[in-house]
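Counting along the sequence shown from 1, when you hit position 75 you're at 76 in the working numbering, and nothing is skipped either side. Backbone N, C-alpha and C fix where the C-beta goes; we use that ideal spot for every residue, glycine too.
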Amino acid sequence: MERSDWSGRDSLEEVCPRGCRWTAHYREPMDCLYQSTFYFHFENLPNADGRHKTFLCFEVKNRNEVLHKGFFLNQPSPFRLHAELRFLSWLHDTCLCPYEYYQVTWYMSWSPCVECAEELTTFLAGHRNVTLTIYVARLYYHQFPVYKNRLQALIKKGATVKVMFFRDFLYCWRRFVYNDFKRFYDWPNLHKNSLHYYKTLQHILE
């Protein structure tokens, strides 16, 4: 089992031999989203105006046992961090141990930006004991070549990137939302929009 007393800061050179971009100035993850927040920020619209925040719901498993779950979003203060880098900083402090294997799964409202995709590529290159699967509701600036290149590089380093469909939104609703035991109601064109992003992602990966 995982060493419960281990923190990545105990031995930076051992945990991160290639050096990761991480900081102590991050806020802890939150437990669950409010229903209205989930419906607004995870709606997979082709043109998602007004949705400037990235929400990242996560599960960290070790030997198929869930160790941690919660969510992050972009952090404006005390140190500006995107949700992805908040997670990496938190992971280093919380449970990242070079002697264990971790399965990390994200459910994101937006796919990673160029800078975060690059940081994730560096992270995976230096942490062969971590697998990362990313489910995305929407693709971020997918029309720009630099974004496509970074996403391709991230996948080459072992990350799995998938588009969210109904079953994935339902899973998030049950695992990461204060749902009050209410059912998840899909919005108009959910499946159509998922197919649109799925085809776009396949084109990027060609």
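Counting the other Cβ atoms within 10 Å of the Cβ of methionine 31 gives fewer than 16, which makes it exposed. Only buried fits histidine 93, as 16 or more other CB atoms lie within 10 angstroms of its CB. In its chain, beyond the 5 residues on either side, His42 have a beta carbon closer than 6 Å to the beta carbon of arginine 52. Between the C-alpha atoms of proline 99 and arginine 64 there is a straight-line separation of about 15 Å.
In this structure, leucine 121 lies away from glutamate 66, with their beta-carbon atoms at least 8 Å apart.
Assigned with DSSP and collapsed to three states, leucine 34 falls in strand. With a cut-off of 8 Å on Cβ pairs, the stretch 128 to 138 is in contact with the stretch 96 to 115, counting three or more such pairs. Taking tyrosine 179 as the centre and dropping the five residues before and after it, the same chain places the C-beta of Cys33, Leu34, Tyr35 and Gln36 closer than 8 Å to its C-beta, in chain order. The DSSP assignment places complete beta strand (DSSP E) segments of no fewer than 3 residues inside the stretch 156 to 181 at 161 to 164, in order along the chain. Contact between the stretch 197 to 206 and the stretch 140 to 154 is established, with three or more Cβ pairs separated by less than 8 Å. For glycine 71, no alpha helix (DSSP H) run applies; the uninterrupted beta strand (DSSP E) run containing it begins and ends at 66 to 74, by DSSP.
The residue among Thr95, Arg139 and Leu152 with its C-alpha nearest the C-alpha of threonine 123 is Leu152.
Here glutamine 104 is bridged, per DSSP, to Lys62 and Thr132.
Shortest Cα-Cα distance from glutamate 101 to any of Val164, Glu116 and Leu68 involves Leu68. Between the beta-carbon of phenylalanine 39 and that of cysteine 173 there is about 7 Å, and that keeps the pair under the 8 Å contact cut. Residue burial is scored here from C-beta neighbours: arginine 129 has fewer than 16 other C-beta atoms within 10 angstroms and is therefore classed as exposed. When Val61, Gln76 and Ala118 are compared, the shortest CA-CA separation from threonine 95 is found for Val61. DSSP, read as helix, strand or coil, puts leucine 97 in coil. Between the alpha carbons of tyrosine 199 and phenylalanine 59 lies a gap of roughly 21 Å.
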